[in-house]
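In the working numbering, the protein residues as written are 132 to 878.
Data block below; observations after.
Spelled out as structure tokens, the structure:
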């Protein structure tokens with residue numbers, strides 16, 4: 132029995148010796164012998180002695196022997212990757228001769244996200260202005276500086292890694308790589324197998340170096356599997372490496388962890404595999420994670436001492452557009468630690484370092500057409516974004532989600548000539564670094580003040596008279612069933628400024644949204660399924676209770692007038708329900724508060740009092756409802772009926788009024804003489820709107836909003852007159868000219 136035990140023990144010793152071998156070496160900088168330098172094979176660790184020498188056992192199959200470079204030194208980097216590592220196969224002795232970089236302890240880090248060139252053409256773009264910009268910055272840092280590329284240095288093309296190494300030396304600083312998912316060869320299967328080519332061309336995936344009194348890690352947090360592609364997370368050997376290094380890190384050292392995927396992966400609500408284990412390893416240290424992968428800008432906080440900067444890509448939208456899909460400009464981030472204080476800024480390619488904000492006027496953005504929008508891509512909670520209306524302090528701007536008009540335009544310019552649509556993953560997405568100021572529509576100037584966490588302030592004045600309010604006539608009658616909730620929703624999704632709609636009154640006193648006082652033969656289907664015909668007797672809303680009104684289908688029939696109109700079964704809604712829907716929809720979907728231009732459809736004609744209410748009752752009932760909705764100056768009440776307008780001006784002076792005039796109204800002085808006051812708005816038919824009429828309105832201080840401007844040539848002409856607003860059955864056509872784009876709307 133004893134012999135068997137000794138035999139097994141001997142076999143174990145033989146097995147252990149086969150799994151490990153002893154190596155030695157030294158770490159120097161010229162004549163200087165460097166002591167206390169950590170040496171590792173990725174699993175086993177030792178330190179150099181006072182004479183700079185080391186010896187330890189490494190795994191027999193270890194691919195590298197490498198060092199945790201001490202502060203103030205770097206491996207020689209003329210090959211494009213700092214020489215902190217040596218290939219281990221067949222080598223027993225290793226010498227690391229380091230370059231002395233700095234002795235002061237201050238430093239800078241330049242972080243670059245996702246170069247990701249898929250072709251020599253893409254790499255040529257990177258090697259032009261982006262790399263020139265990067266090199267100009269690194270040449271001015273003045274402190275001990277390093278660079279880090281946060282993964283996806285290539286795009287499934289290993290030869291791009293060689294291009295990177297050849298060109299990145301132009302920065303003049305050691306540039307450390309991080310492996311990304313596109314730096315793996317996914318078809319190789321398995322985590323270590325898929326990264327083998329990267330290790331061959333670049334360096335170990337997991338390594339560290341000291342900088343100042345702090346420690347900087349580069350880790351692989353992309354785990355490839357043979358079956359499922361990859362997961363974001365930390366494999367056991369990655370955590371073991373970090374654990375091994377942290378044993379040598381001083382308690383007061385700050386920690387940087389450069390990795391490809393953020394801790395949240397691509398989903399804000401989750402954490403990548405092994406997150407809690409990684410956080411446990413760096414507990415007690417102030418830690419900053421630097422990540423890429425998502426091609427956007429976003430800060431994260433994980434407790435008091437742990438933050439993350441998810442940095443936008445230097446390739447913009449995969450070299451198709453200058454901006455990333457969230458609206459961040461292509462660029463990189465520069466960190467400087469000076470006298471123990473860490474500061475940073477985002478440097479956009481081709482821009483001055485003070486380029487930190489983009490401002491959009493009302494009408495330029497999709498979700499907030501009535502707001503001034505500030506895109507502050509490097510924002511974090513320590514920044515302040517405030518605004519003023521005509522000099523009056525209004526407090527903080529509202530943090531919102533928004534689409535970048537610049538990115539939309541750039542992708543349109545790229546793909547429209549090709550007759551193609553961009554891939555979904557390249558399409559414009561909402562960013563979370565936008566801020567909205569929604570002023571009165573009568574404000575003259577909005578001032579935006581942005582202050583960074585480090586005290587720099589940028590101030591912008593926005594001329595509020597220099598945009599056109601786009602109004603959807605009946606919700607956009609050329610596109611959707613007119614004056615319906617569906618039409619209003621569609622118009623909101625298009626991003627109009629104002630919803631234009633009409634009011635009628637039912638027999639039981641309900642305020643109904645309808646242009647005509649009766650069910651028109653153009654669109655209506657009776658409760659029995661029969662179409663109302665042109666010569667049929669009129670079926671007036673005022674002669675039936677709303678319970679009967681709601682039985683008519685007003686959306687299913689095709690339209691000869693508006694052939695592009697969607698055919699949807701729907702009904703004439705109550706005004707109260709429609710307004711409530713709109714208000715809730717805008718809030719729930721993060722849209723800016725919309726404006727309303729609401730017409731009271733009283734008529735001075737035969738049938739008044741029988742087929743529709745008298746003008747005074749019409750006005751009183753409608754104004755009572757509108758009062759209850761508390762719409763403030765977002766509401767304009769309009770009418771052709773001068774009796775109704777004069778009555779409202781006298782009885783309800785708090786309402787802003789608009790005078791509608793048709794093509795046969797005559798000249799300005801003639802139709803204005805019918806009113807007892809000067810209205811805030813004049814709404815003429817577009818055919819009588821010309822320079823002379825606009826000038827008359829300017830002289831009287833009246834805003835002008837021509838109606839039913841539908842043809843592209845008419846839209847262009849009216850816009851050329853510099854009117855304040857435009858009403859159209861095709862608001863999408865107007866938006867194409869005012870905003871330059873119309874996003875797809877899912878009906």
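Don't be surprised by glycine CBs; every beta carbon is placed ideally from N, CA and C.
Remember, it's a predicted structure, so these values are computed and weren't measured experimentally.
task: Can you tell me the Cβ-Cβ gap for residue 706 and residue 733, rounded? I've got them flagged as a contact below 8 Å.
output: About 15 Å separates the two Cβ atoms, so there is no contact after all.
query: Does the stretch 815 to 830 come within contact of the stretch 839 to 855, defined as at least 3 CB pairs closer than 8 Å?
result: A contact is defined here as three or more CB-CB pairs under 8 Å, and the stretch 815 to 830 meets this definition with respect to the stretch 839 to 855.
query: In three-state terms, what does DSSP make of residue 430?
result: Correct three-state label for residue 430: strand.
task: Drop a sphere of 10 angstroms on the beta-carbon of residue 386, count the other beta-carbons inside from all chains shown, and report buried for 16 or more, exposed for fewer.
output: buried
query: Of all the beta strand (DSSP E) runs that stay within the bounds of the stretch 321 to 356, which reach a length of 3 or more residues?
result: 338 to 342, 345 to 349 and 353 to 356
query: Who are residue 580's beta bridge partners in DSSP?
result: 517 and 590
query: For the stretch 530 to 542 against the stretch 447 to 457, are there 3 or more C-beta pairs whose distance is under 8 Å?
result: yes
message: Going by DSSP in three states, residue 562 sits in which element: helix, strand or coil?
response: Three-state result, residue 562: strand.
- request: Answer with buried or exposed for residue 594, where buried requires no fewer than 16 other C-beta atoms within 10 angstroms of its C-beta.
  value: exposed
- request: Identify which residue in 183, 596, 805 and 407 has its Cα closest to the Cα of residue 165.
  value: 183
- prompt: Just the Cα atoms here: how many angstroms apart are residue 153 and residue 188?
  reply: 4 Å
task: Determine the direct distance from the alpha carbon of residue 360 to that of residue 202, and round the result to whole angstroms.
output: 38 Å
field: Among 755, 827 and 724, the one whose alpha carbon lies nearest that of residue 764
entry: 724
field: Endpoints, the beta strand (DSSP E) within which residue 171 is located
entry: 169 to 171
task: Whole angstroms is fine: what's the gap from residue 672's alpha carbon to residue 639's?
output: 10 Å
message: As a quick exercise: from 607, 720, 711 and 509, pick the residue whose alpha carbon is nearest that of residue 879.
response: Outside the modelled stretch of the chain, which goes from 132 to 878, sits residue 879, for which no answer is possible.
- request: Note down the Cα distance separating residue 234 from residue 204, rounded to an integer number of angstroms.
  value: 9 Å
field: Beta-carbon proximity of residue 670 to residue 646, cut-off 8 Å
entry: The beta carbons of residue 670 and residue 646 sit no closer together than 8 Å.
For residue 406: DSSP bridge partner residues: None; residue 406 has no bridge partner.
- prompt: CB-CB under 6 Å to residue 925, same chain, minus the five flanking residues each way: which ones, in chain order?
  reply: The requested residue 925 does not occur in the structure, where the chain is confined to residues 132 to 878.
message: Could you compute how far the alpha carbon of residue 428 sits from the alpha carbon of residue 337?
response: 25 Å
message: So the candidates are 224, 208, 211 and 172; which of them puts its Cα closest to the Cα of residue 199?
response: 172
message: Assuming the contact rule is C-beta atoms closer than 8 Å, residue 521 and residue 478 should be a hit. Round their C-beta distance to whole Å, please.
response: Their Cβ separation, rounded to whole angstroms, is 35 Å, which puts residue 521 and residue 478 out of contact at 8 Å.
- prompt: Which word fits residue 573, buried or exposed, when buried means at least 16 other C-beta atoms lie within 10 angstroms of its C-beta?
  reply: exposed
query: Who are the Cβ neighbours of residue 866 in its own chain at under 8 Å, not counting the five residues just before and after it?
result: 601, 625, 626, 627, 872 and 873
task: Please check the pair residue 303 and residue 269, which I expect to be a contact at CB under 8 Å, by giving their CB distance rounded to whole angstroms.
output: 6 Å
query: Got a sec? Which residues, its chain only, sit under 8 Å from residue 689 by beta carbon, not counting five neighbours each side?
result: 696 and 698
- prompt: In whole angstroms, what separates the C-alpha of residue 95 from that of residue 375?
  reply: Look at the range of the chain in this structure, 132 to 878, and you will see that residue 95 is not part of it.
field: Length of the line joining the Cα atoms of residue 292 and residue 284
entry: 7 Å
- prompt: Which value, in whole angstroms, describes the spacing of the CA atoms of residue 319 and residue 420?
  reply: 29 Å
query: Residues bridged to residue 454 by DSSP?
result: 460
- request: Tell me, please, whether the stretch 203 to 223 touches the stretch 242 to 261 by the rule of three or more beta-carbon pairs shorter than 8 Å.
  value: no
task: Compute the beta-carbon to beta-carbon distance between residue 266 and residue 237, rounded to the nearest angstrom, for a pair I have assumed lies under 8 Å.
output: That belief does not hold up - the Cβ atoms of residue 266 and residue 237 are roughly 21 Å apart, past 8 Å.
Distance, residue 587 Cα to residue 484 Cα: Approximately 11 Å between the Cα atoms of the pair.
message: Going by beta-carbon coordinates alone, are residue 513 and residue 488 separated by less than 8 Å?
response: no
message: Rounded to whole angstroms, what is the Cα-Cα separation between residue 847 and residue 840?
response: 9 Å
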